[in-house]
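Reviewing the structure listed below.
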Amino acid sequence: MPELPEVETIRRQLAPLLAERTIVDAAADANPKFTAAPAAIGGTVTGVDRRGKYLLVGLDHADGPRELVVHLGMTGQLGADIDPGGPHVRAWWGFADGGTLGYRDVRQFGRIAVVPAGRYETLGTLGRIGPEPLSDSFTPAGLWEGLHRRRARVKTVLLGQQVVAGVGNIYADEALWRAGIHPAARRVGRERAAALHAAIRAVLAEGIENGGTTLRDYRTVTGEAGRNQTRLDCYGRAGEPCRRCGTTLRHAVFDGRGTTWCPACQPR
DNA sequence: GTTGCGTCCTGGACGC
DNA sequence: TGCGTCCAGGACGCAA
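Numbering (numbering that gives the first Met the number 0), first residue to last: 0 to 267.
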């Protein structure tokens, strides 16, 4: 399930692969989530950026600068070696030099859009997305204010993308474990918000350093698995002893999301 | 405006 | 071995 570290890993591989190439052909699945892919035809790639979990491919186009926006959802994969006619391929783009870029997505939770550059207001979450967690715009005070305004569970707020961008289920569990905060807490003080701020940055930075977390579907552009899954302290370890205190980690569903936490280190 | 639940979607795991 | 059921979760729609 691609979160910020996985998407950033893909972005870093994709940028040199797509640089200055012109899209001359494309096709998409009938699912409306993907039908926008051909709107990139005619564009020359100017760069590959990322915002939260969204990949932003800049395009120099005759009708003005555009952006190809790709969200990988749960099982989305991008790759030059993805056969456009292969199973679960929802879209592909062909380049003037003859190569292709395929988008495969088994569960179809991803989505593709093409918009005028920088115009994200029609894209729901991306139009309201919060600060990049590894940038200076994400501060302990800003996180505290974002949490303080809300009465939802702290983990639900993190997953909402409006207080901080790019955090998904895995890294939310990991960051809350590191900060010692119960995932269902509805109030977080300034001190604990600062600890959570540091934890979010740390787990995401480590995730990027390790090339992302592969639990099942995630693969880089070159088809490799990430290495971060061996470093997880909390997510997916329910029933096992906490690495900090030895207490058995618990699992429950909060707001529809499977959640693992340590009842001793993360008291309610 | 906020919160929380249901839905989409499919392969794998599991039980019988 | 084969079948049915459950589970995973990001984003979005909708009701309260």
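All C-beta atoms, glycine included, are put in the ideal place defined by N, C-alpha and C.
Cα separation between A184 and I199?
-> Taking the first sequence and counting its residues from 1, one reaches residue 184 at position 185. Taking the first sequence and counting its residues from 1, one reaches residue 199 at position 200. When rounded, the distance between both Cα atoms is 16 Å.
Do you know how far the Cα of T99 is from the Cα of T219?
-> The residue labelled residue 219 in the question sits at position 220 within the first sequence. The residue labelled residue 99 in the question sits at position 100 within the first sequence. Distance between the alpha carbons of T219 and T99 is about 16 Å.
Where the beta strand (DSSP E) through P115 begins and ends = As a first step, residue 115 is located in the first sequence; it is residue number 116 there, counting from the start. Here the beta strand (DSSP E) through P115 covers R110 to P115.
From A79, R149, R186 and R89, pick the residue whose C-alpha is nearest to that of T34; which is it?
-> Locating residue 34 in the first sequence gives position 35, where the first residue counts as 1. The residue with the shortest Cα to Cα distance from T34 is R89.
Under 7 Å between the Cβ atoms of R243 and C264?
-> The residue given as residue 243 occupies position 244 in the first sequence. The residue given as residue 264 occupies position 265 in the first sequence. Contact: yes.
If G75 sits next to D104, beta carbons under 8 Å apart, how far is it from one beta carbon to the other, in whole angstroms?
-> As a first step, residue 75 is located in the first sequence; it is residue number 76 there, counting from the start. As a first step, residue 104 is located in the first sequence; it is residue number 105 there, counting from the start. At roughly 4 Å, the Cβ-Cβ gap stays under 8 Å, so G75 and D104 are in contact.
Contact belief for I180 with V156 at Cβ below 8 Å, rounded distance in angstroms = The residue given as residue 180 occupies position 181 in the first sequence. The residue given as residue 156 occupies position 157 in the first sequence. So it is not a contact: roughly 11 Å between Cβ atoms.
Could you give the DSSP three-state label for I22: helix, strand or coil?
-> Here residue 22 corresponds to residue number 23 of the first sequence, with the count starting at 1. I22: strand per DSSP, three-state reduction.
Does DSSP classify T45 as helix, strand or coil?
-> As a first step, residue 45 is located in the first sequence; it is residue number 46 there, counting from the start. Correct three-state label for T45: strand.
Does the beta-carbon of A192 have 16 or more other beta-carbons within 10 angstroms, so that it is buried, or is it exposed?
-> Taking the first residue of the first sequence as 1, we reach residue 192 at position 193. Buried.
Determine the burial state of P115: buried for a count of at least 16 other Cβ atoms within 10 Å of its Cβ, exposed for fewer.
-> For the purposes of this step, residue 115 is taken as residue 116 along the first sequence, with counting starting at 1. With fewer than 16 Cβ atoms within 10 Å of its Cβ, P115 is classed as exposed.
Look at the alpha carbon of Q228 and the alpha carbon of T212, and state the distance between them as a whole number of angstroms.
-> Locating residue 228 in the first sequence gives position 229, where the first residue counts as 1. Locating residue 212 in the first sequence gives position 213, where the first residue counts as 1. Cα to Cα, Q228 sits roughly 5 Å from T212.
Quick one: Cα of I207 to Cα of R50, how far?
-> As a position in the first sequence, residue 207 is number 208, starting the count at 1. As a position in the first sequence, residue 50 is number 51, starting the count at 1. So the alpha carbons of these two residues sit roughly 14 Å apart.
C-alpha gap between Q161 and P130, whole angstroms | Taking the first sequence and counting its residues from 1, the one referred to as residue 161 is at position 162. Taking the first sequence and counting its residues from 1, the one referred to as residue 130 is at position 131. If you take the alpha carbons of Q161 and P130, they lie about 8 Å apart.
Please check the pair G57 and G46, which I expect to be a contact at CB under 8 Å, by giving their CB distance rounded to whole angstroms.
-> In the first sequence, counting from the first residue as 1, residue 57 sits at position 58. In the first sequence, counting from the first residue as 1, residue 46 sits at position 47. Right, their Cβ atoms sit about 4 Å apart.
In this structure, does DSSP put Q161 in helix, strand or coil?
-> Taking the first sequence and counting its residues from 1, one reaches residue 161 at position 162. Here Q161 sits in coil by DSSP.
Close Cβ partners of H250 (< 6 Å) along its chain, the five nearest in sequence each way excluded | As a position in the first sequence, residue 250 is number 251, starting the count at 1. Excluding positions up to five away in sequence, the list reads A237 and T259.
If you draw a straight line from the alpha carbon of E120 to that of V252, how long is it in whole angstroms?
-> Working through the first sequence from its first residue, we reach residue 120 at position 121. Working through the first sequence from its first residue, we reach residue 252 at position 253. Roughly 32 Å between the two C-alpha positions.
H87: which of E173, A29 and R118 sits nearest, CA to CA?
-> Start at 1 with the first residue of the first sequence, and residue 87 comes out as number 88. Looking at the Cα atoms, A29 is the closest of the given residues.
Top-ranked residue by Cα proximity to D96, from E19, L248 and V69 = Residue numbering aside, residue 96 sits at position 97 when the first sequence is read from its first letter. Nearest of E19, L248 and V69 to D96, Cα basis: E19.
Residues near G210 in its chain [Cβ-Cβ closer than 6 Å; skip 5 each side] | Residue 210 sits at position 211 when you count from the first residue of the first sequence. Result list for G210: T8, G225 and R226, in chain order.
Proximity below 7 Å, CB of G72 to CB of G101 = The residue you call residue 72 lines up with position 73 of the first sequence. The residue you call residue 101 lines up with position 102 of the first sequence. No, the pair does not count as a contact, with Cβ atoms beyond the cut-off.
Considering only C-alpha positions, which residue in the set D59, L54 and S134 is nearest to R10?
-> Taking the first residue of the first sequence as position 1, residue 10 is located at position 11. For R10, the nearest C-alpha among the options comes from L54.
Could you tell me the boundaries of the alpha helix (DSSP H) in which H87 lies?
-> One-based indexing of the first sequence puts residue 87 at position 88. Taken as a continuous stretch (DSSP letters only), H87 belongs to no alpha helix (DSSP H), as it is neither H nor E.
Please list, in chain order, all residues of the same chain as I40 whose beta carbon is under 6 Å from its beta carbon, the five residues on each side excluded.
-> Residue mapping note: residue 40 aligns to position 41 of the first sequence, counting from 1. Within the same chain, I40 has close Cβ partners I22 and A25.
Below 7 Å between beta carbons: does that hold for V202 and E239?
-> If you number the first sequence from 1, residue 202 lands on position 203. If you number the first sequence from 1, residue 239 lands on position 240. Not in contact: V202 and E239 (Cβ atoms no closer than 7 Å).
Opening and closing residue of the beta strand (DSSP E) in which V202 lies = Indexing the first sequence from 1 puts residue 202 at position 203. Careful: V202 lies outside any beta strand (DSSP E), inside the alpha helix (DSSP H) at R189 to E208.
Are P139 and G165 close, meaning C-beta to C-beta below 7 Å?
-> In the first sequence, the residue the question calls residue 139 occupies position 140. In the first sequence, the residue the question calls residue 165 occupies position 166. No, the Cβ-Cβ distance between P139 and G165 is not below 7 Å.
Span of the beta strand (DSSP E) holding R249?
-> Along the first sequence, read from residue 1 onward, the residue named residue 249 stands at position 250. First-last of the beta strand (DSSP E) with R249: R249 to F253.
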